[in-house]
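Read the structure below first, then the notes.
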Amino acid sequence: MITTSSVLGQFDLCADRAAFPDLDNGYYYPVDARIHVLGDGTRWAVVAELLGYNPRGGNLIDVMHRFGNCLTRGEPGFGAFLDRVDNMSEVDPEGTEVYAGGVPVVVRGTALTVGADAGTPLQDVFRLLAPENKGLLLADGTELRADLPADLPVLLRLDEWNQPEDLWDTLPSAHETFRLIADVLNSSDAARYRPTLPPNTHWSHWPDAGTL
Numbered sequence: 004m005i006t007t008s009s010v011l012g013q014f015d016l017c018a019d020r021a022a023f024p025d026l027d028n029g030y031y032y033p034v035d036a037r038i039h040v041l042g043d044g045t046r047w048a049v050v051a052e053l054l055g056y057n058p059r060g061g062n063l064i065d066v067m068h069r070f071g072n073c074l075t076r077g078e079p080g081f082g083a084f085l086d087r088v089d090n091m092s093e094v095d096p097e098g099t100e101v102y103a104g105g106v107p108v109v110v111r112g113t114a115l116t117v118g119a120d121a122g123t124p125l126q127d128v129f130r131l132l133a134p135e136n137k138g139l140l141l142a143d144g145t146e147l148r149a150d151l152p153a154d155l156p157v158l159l160r161l162d163e164w165n166q167p168e169d170l171w172d173t174l175p176s177a178h179e180t181f182r183l184i185a186d187v188l189n190s191s192d193a194a195r196y197r198p199t200l201p202p203n204t205h206w207s208h209w210p211d212a213g214t215l
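Here is the structure:
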């Protein structure tokens with residue numbers, strides 16, 4: 004049986020360990036985000052993706068956070084870190100964190116035309132690509148279920164939500180979004196997700212992220 008308290012307790016534990024999705028992360032310029040909520044009344048899982056440009060990592064990285072009572076490997080918290088750009092040596096050959104100009108951004112073998120000039124900061128380049136290329140940039144079915152049972156049904160997918168501004172001050176259990184997600188899992192009813200707070204996951208709401 005899934006209980007709201009057990010779901011929220013796991014969220015809080017991961018937040019205490021700095022293993023919960025944080026859009027204000029100083030190492031990543033946020034580009035896009037998504038949450039998948041899966042469950043069947045007995046088993047549950049939540050996978051949160053934060054897609055961001057990490058200059059130290061030298062790539063656009065989809066950071067997978069996964070939680071649940073049926074993970075097939077590992078502990079709740081961080082999952083895979085998925086590099087998305089195949090040709091960073093052409094996009095930024097000098098490692099100066101700006102676009103070289105005149106070359107596509109290749110993602111999973113697909114060349115994406117860039118509407119940006121040479122010298123454009125890479126986070127701005129990737130943000131231009133995100134709205135039309137979510138299917139390439141965010142997790143596919145195999146990546147989503149890498150640590151989950153293959154037959155666990157998807158109850159809800161969120162492309163935007165209200166995120167706590169500071170996870171040190173507001174634990175997930177005290178925040179509307181994650182309380183609603185826990186209620187969806189407890190009931191197996193996606194209609195229970197009825198937020199009143201406006202979404203704030205667009206990168207423009209997090210101006211200090213990536214600037215560490």
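According to this note's numbering, the sequence shown is numbered sequentially starting from 4. Beta carbons are placed, not taken as given, at the ideal position from N, Cα and C, and that holds for glycine.
- Secondary structure of G104 (DSSP, three-state): coil.
- For N62, the uninterrupted beta strand (DSSP E) run begins and ends at 62-71, by DSSP.
- Under the DSSP assignment, V10 falls in the alpha helix (DSSP H) whose first and last residues are 7-19.
- Between V110 and L85 a beta carbon distance of about 11 Å is seen, past the 8 Å cut, so the two are scored as non-contacting.
- Burial state of M67 is buried, judged by a 10 Å Cβ sphere holding 16 or more other Cβ atoms.
- DSSP places D186 in the uninterrupted alpha helix (DSSP H) bounded by 179-190.
- DSSP places V94 in the helix class (H, G or I) of the three-state scheme.
- It is roughly 14 Å from the alpha-carbon of R130 to the alpha-carbon of P107.
- Membership of G144 in the alpha helix (DSSP H) is indicated by the continuous run 144-147.
- Per DSSP, V128 is one residue of the alpha helix (DSSP H) stretching across 125-132.
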